[in-house]
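Asks: If you scroll down you'll find the structure; I have some questions about it.
Numbering (this note's numbering), first residue to last: 74 to 404.
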């Protein structure tokens with residue numbers, strides 16, 4: 074049982090690393106952020122919806138109007154906002170930075186859980202000090218990643234896919250803010266916003282899943298909510314119709330991978346893993362994805378590893394494991 078859990082979690086990190094690389098390739102080919110997210114979530118809704126019907130139908134019940142509205146809001150937070158900020162951030166930085174910043178999600182979730190009084194920190198105990206120290210170290214790591222690029226440590230030499238600067242992200246950002254910031258810094262801020270919205274989504278879905286114990290169906294409804302919201306967002310920020318209709322073969326393959334595997338299979342396995350092993354075990358596997366992503370982007374995208382990414386990423390991972398150690402000791 075435990076071996077199956079650990080192998081499944083390792084596999085999900087490898088699958089998600091592939092999603093990060095393919096998303097970058099799609100962005101460089103000029104795919105629209107809202108169109109990519111829309112089509113991805115259409116597929117995810119179908120995959121998760123069918124899984125929900127097969128595995129969770131006995132747990133279904135009639136929803137109140139208030140619950141439907143709450144699901145719609147959570148879909149905006151955990152899917153629409155999370156995924157769009159993620160793609161804009163990815164377009165303005167690099168795959169390695171994006172993956173390193175994703176390690177902040179468990180740390181942000183912990184900080185928000187403390188804020189909502191779902192987690193306790195007892196500073197008289199070693200585990201309390203470890204949890205607080207881990208969160209603070211993770212915060213320092215994310216600041217390093219956001220403000221310091223640094224010299225190249227390992228020069229990227231291979232390129233199966235040729236990447237260039239993603240102009241679409243810059244265009245979206247200039248629509249929102251008149252910015253004089255370096256695009257790298259702005260990208261890091263969007264990635265942190267993406268992580269924050271997802272952490273909030275994780276915290277707010279906990280009470281929902283107590284009264285509606287069907288996590289896969291809930292994930293499907295969140296994706297469906299996003300599908301309803303995205304055309305409105307697209308009309309505001311990416312009104313060019315060609316971004317929705319001119320989808321090249323490479324972009325289409327990335328969308329299928331993102332929808333079926335990135336949103337569908339990975340979400341399903343992680344929901345199952347949280348039930349089997351708890352959220353701490355799932356979070357502990359997150360840094361594995363960063364290592365796999367760094368290897369993939371080095372070999373396939375000719376991305377160079379910079380000192381800021383290395384130092385910031387390792388600092389976040391150290392903070393994350395300190396936090397996890399504290400949580401395990403407490404339990």
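All C-beta atoms, glycine included, are put in the ideal place defined by N, C-alpha and C. Computed from a predicted model, the values in this text were never measured in an experiment.
What separation, rounded to the nearest whole angstrom, lies between the Cα atoms of residue 142 and residue 289?
Replies: Near 18 Å, if we compare the C-alpha coordinates of residue 289 and residue 142.
Asks: Say whether the stretch 140 to 159 touches the stretch 110 to 125, bearing in mind that this needs 3 or more beta-carbon pairs closer than 8 Å, one atom from each stretch.
Replies: Yes, they touch.
Asks: Mapping the DSSP letters down to three states, classify residue 197 as helix, strand or coil.
Replies: Residue 197: coil per DSSP, three-state reduction.
Asks: Run the CB neighbour count on residue 120, radius 10 Å, all protein chains shown included, and call it buried at 16 or more, exposed below.
Replies: Buried.
Asks: By Cβ distance, which residues of its chain are closer than 8 Å to residue 313, with the 5 residues on each side in sequence left out?
Replies: Closer than 8 Å at the Cβ level, and outside the excluded window around residue 313, lie 105.
Asks: What did DSSP end up calling residue 390 once you bin it into helix, strand or coil?
Replies: If DSSP states are grouped into helix, strand and coil, residue 390 belongs with the helices.
Asks: May I have the straight-line CA-CA distance separating residue 212 from residue 131, to the nearest angstrom?
Replies: Their Cα atoms are separated by approximately 42 Å.
Asks: Identify which residue in 261, 321 and 191 has its Cα closest to the Cα of residue 385.
Replies: That would be 261, whose Cα lies nearest to the Cα of residue 385.
Asks: Going straight from the alpha carbon of residue 339 to that of residue 85, what length do you get?
Replies: So the alpha carbons of these two residues sit roughly 6 Å apart.
Asks: Using a Cβ-Cβ cutoff of less than 7 Å, which residues in the same chain neighbour residue 395 once the five nearest sequence positions on both sides are dropped?
Replies: Cβ within range, chain order: 203, 206, 207 and 210.
Asks: Taking the beta carbon of residue 352 as the centre, do at least 16 other beta carbons fall within 10 Å, making it buried, or is it exposed?
Replies: Its Cβ being crowded by 16 or more others within 10 Å, residue 352 is buried.
Asks: Of all the options 185, 341 and 110, which has the alpha carbon lying nearest to the alpha carbon of residue 287?
Replies: Comparing Cα positions, the closest option is 341.
Asks: Any chance the stretch 184 to 193 sits against the stretch 350 to 364, with 3 or more Cβ pairs inside 8 Å?
Replies: Short answer: they don't touch.
Asks: Sort out for me which residues DSSP pairs residue 30 with in a bridge.
Replies: The requested residue 30 does not occur in the structure, where the chain is confined to residues 74 to 404.
Asks: State the beta-bridge partners of residue 378 as determined by DSSP.
Replies: DSSP lists 227 as partners of residue 378.
Asks: Could you say which of 299, 276, 169 and 272 lies nearest to residue 96 if we only look at CA atoms?
Replies: Here the closest residue by C-alpha is 169.
Asks: Does DSSP put residue 167 in a helix, a strand or coil?
Replies: Three-state result, residue 167: coil.
Asks: What are the start and end residues of the alpha helix (DSSP H) that includes residue 181?
Replies: Unbroken alpha helix (DSSP H) run through residue 181: 177 to 188.
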